[in-house]
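**Q** I'd like to ask you about the structure that follows.
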Amino acid sequence: MIVTVCIGSSCHLKGSREIIEKLQHLLHENKLEKEVELRGSFCMGECMNGVCVKIEEELFSLSPAAVEEFFLEQILKRLT
Numbered sequence: 001m002i003v004t005v006c007i008g009s010s011c012h013l014k015g016s017r018e019i020i021e022k023l024q025h026l027l028h029e030n031k032l033e034k035e036v037e038l039r040g041s042f043c044m045g046e047c048m049n050g051v052c053v054k055i056e057e058e059l060f061s062l063s064p065a066a067v068e069e070f071f072l073e074q075i076l077k078r079l080t
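In this note's numbering, the protein residues as written are 1 to 80.
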């Protein structure tokens, strides 16, 4: 599974670095580094909605506070 986080200027200001760090921690904690590839990307064109995160081709808007729920609902569920 490929998870891409926007690191463009708008998303950076909205917390993309913190989101990446939290996702890296959750992937490591759940031993999923081999199953999930975490990538960075510049602008995905949805700057008004929060940090853009894409799983395969599905786009999500995320805040740092919502990372754990996103991980459980969108990443873990797709792997089980």
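The beta-carbon is built from N, C-alpha and C at its ideal position, and this holds for glycine as well.
1. Tell me the DSSP secondary structure of Leu13 in three-state form.
2. Starting from the C-beta of Glu29, find all residues in its chain whose C-beta is less than 7 angstroms away, skip the five residues before and the five after it, and write them out in chain order.
3. For Lys54, which residues does DSSP report across the bridge?
4. For the stretch 38–50 and the stretch 67–74, state whether three or more C-beta atom pairs, one from each stretch, are separated by less than 8 angstroms.
5. Quick check on DSSP: helix, strand or coil for Leu32?
6. Quick one: Cα of Gly8 to Cα of Gly50, how far?
**A** Reading from the atomic positions:
1. helix
2. none
3. Thr4 and Leu59
4. Verdict: no, contact absent.
5. Coil.
6. For Gly8 and Gly50, the gap between their C-alpha atoms comes out near 11 angstroms.
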